[in-house]
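In my numbering, the protein residues as written are 18 to 577.
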């Protein structure tokens, strides 16, 4: 996000990424927890083998998550195939990057496999005086003595010693007209000597598999991770009437947390009468323990954003607005059965979650707030496979999402619930390696957080959001190394319930596109490691909430 890639922010079907302490990103089947303030985990994309967007509520299999969907990522892990890959990259903004990926067999019989992936990046950010420094390393080893047993142990370390702080610029002069002209693309509202965001991450984990026979097996996954971050920056806080002088504030935060994530599954295949069953039964356990604080001050000199003079500022002492210790424990039991009968396919799943949150306010009287929640979520779907490749389907799913945060009085929030109804048609022609689909969905979420009108550093729980949309998508595999994807989405996301009547009927997030048309063509890397080609194009039209009523125009997006 912003001038450098410090945060991953995304919106799926109109719902933003997870709330404090949670995250809708999953790595190797296990949750990646967020921190309390700015402590967000992030994995360098070079360490990843695959990234999948799972649309709609996924609570039955993945546990606590937002109703829009999740991001499922897969690490680069050992393989029997020999890998010898080195990359050197360079570009504008003093961009330099070096990466390597080595893997293969340790012994001749292939019972021990290894993989070591690493990358280092340095570049200047788009904004003046912003920069990015990063290195990451991910070794792993797999022991597979026979067909029935497999154990993978992996580790990951990532250090971001220099990252730009969160950016923000006036609407007038960027997206909208300003009589002083358009702001340059490197406009910077902060101070070069007061722009710090650093982060250290480390993790170690395992994945074990045992096959009892061809029909039954068990999978055990676990990971311990920790993160430390430091944020200190002067940021934009408003544009004055002359349309060139900006107010500024200073923000600071220190954070540390550690997490333990476990997920154990039993897989089975059996037949009852003429119905085939693919059964999945599992248990997950997650614990988050962290501490974070936030301080701010508006005692910062103004700046002429069109003719900035840096280094002249003297800052007031930031006032501490938040100092919180948080412990969150989540336990889930779940089961899912996929049934196959002739041309019918059906899926039924159920999950029960227990969530315990203990919040300690380290300001004032060091008050403790404890909250326990539990919920049962369901998922069901059915589709029919016609001989001509057409498959209509219907899906219903629920989500459950505790909110690991407190209001201005130190009280914990109630959990939020989501619900999905979706119907669509998929078509896979027999003469082409392609898949076409159309889907219509209706998503809702209750007990949504909005900004506290009396204290903007906190939230209140007053809203309900509804997201309705239609998705069109086409995928084609033209050759072994050339694929094409095209999609178009129309969606309407709005508040349907809020104590502020002006908000009802308004879009609930700033970065929500009303309609998106995008496509991509790509070549996969050949065995000879020839450079691939990726091209993405799009057309986006977006609207912001009624609190700041303006609408962006359609804009083409391109990347090659």
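Beta carbons are placed, not taken as given, at the ideal position from N, Cα and C, and that holds for glycine.
Check	Outcome
Of the residues 505, 247, 258, 292, the one placed nearest residue 358, counting alpha carbons only	292
Coil, strand or helix - residue 1 by DSSP	Only positions 18 to 577 of the chain appear in this structure, which leaves residue 1 out of reach.
Where the beta strand (DSSP E) containing residue 366 begins and where it ends	361 to 378
Distance between beta carbons of residue 397 and residue 73, contact taken as under 8 Å	Rounded, the Cβ-Cβ distance is 12 Å, inconsistent with contact.
Distance, residue 498 Cα to residue 375 Cα	51 Å
Alpha-carbon spacing of residue 542 relative to residue 195, whole angstroms	Residue confidence for residue 542 is low, a pLDDT of 36 falling below 50, so the modelled location carries little weight; the figure read from the coordinates is stated next. Those two C-alpha atoms are separated by around 46 Å.
Residue 441 to residue 411 span [Cα, whole Å]	7 Å
For residue 369, the nearest candidate out of 211, 387, 349, 362 (CA to CA)	349
Cα-Cα separation, residue 130 to residue 98	9 Å
Of the residues 69, 62, 105, the one placed nearest residue 93, counting alpha carbons only	62
Spatial neighbours of residue 29 in its chain, beta-carbon cut-off 7 Å, leaving aside the 5 residues before and after	70, 72, 85, 86
Terminal residues of the beta strand (DSSP E) in which residue 88 lies	86 to 92
Below-8 Å beta-carbon distance, residue 346 vs any chain B residue	Judged by its chain identifiers, the structure shown contains no chain B, having just a single protein chain.
The beta strand (DSSP E) enclosing residue 428, as first and last residue numbers	It is not in any beta strand (DSSP E) - residue 428 carries neither H nor E in the DSSP assignment.
Environment of residue 68 [buried if 16+ CB atoms lie within 10 Å]	exposed
CA-to-CA distance, residue 455 to residue 507, given in whole angstroms	11 Å
CB of residue 83 within 8 Å of CB of residue 41, strictly	yes
Supposed close pair residue 307, residue 52 - CB separation, criterion 8 Å	6 Å
Best match in 267, 487, 46 for proximity to residue 88 [C-alpha to C-alpha]	46
Endpoints, beta strand (DSSP E) assigned at residue 344	336 to 358
Top-ranked residue by Cα proximity to residue 325, from 43, 261, 113, 140	261
Three-state secondary structure assigned by DSSP to residue 554	Caution applies to residue 554, whose pLDDT of 38 falls short of 50 and renders its modelled position unreliable; the value that the coordinates give is listed next. Strand, per DSSP.
Between the CA atoms of residue 90 and residue 66 - distance to the nearest angstrom	8 Å
Three-state class that DSSP yields for residue 62 in the structure shown	helix
Residue 146 and residue 212 closer than 8 Å at C-beta	yes
Selected residue, minimal CA-CA separation from residue 269, among 314, 280, 241	314
Sub-8 Å separation of residue 172 and residue 221 beta-carbons	yes
Identity of the residue in 496, 512, 273, 310 nearest residue 466 by Cα	512
Member of 388, 310, 437, 209 whose CA lies at the smallest distance from the CA of residue 328	209
Backbone CA spacing between residue 305 and residue 448 [nearest angstrom]	51 Å
Cβ-Cβ distance between residue 284 and residue 294 below 8 Å	no
Straight-line gap, residue 505 to residue 489 (C-alpha atoms, nearest Å)	5 Å
Straight-line Cα distance separating residue 250 from residue 426	27 Å
Own chain residues within Cβ distance below 7 Å of residue 55, not counting five before or after	246, 248, 270, 272
Spatial neighbours of residue 44 in its chain, beta-carbon cut-off 6 Å, leaving aside the 5 residues before and after	90
Cβ neighbour criterion (16 or more within 10 Å) applied to residue 433	buried
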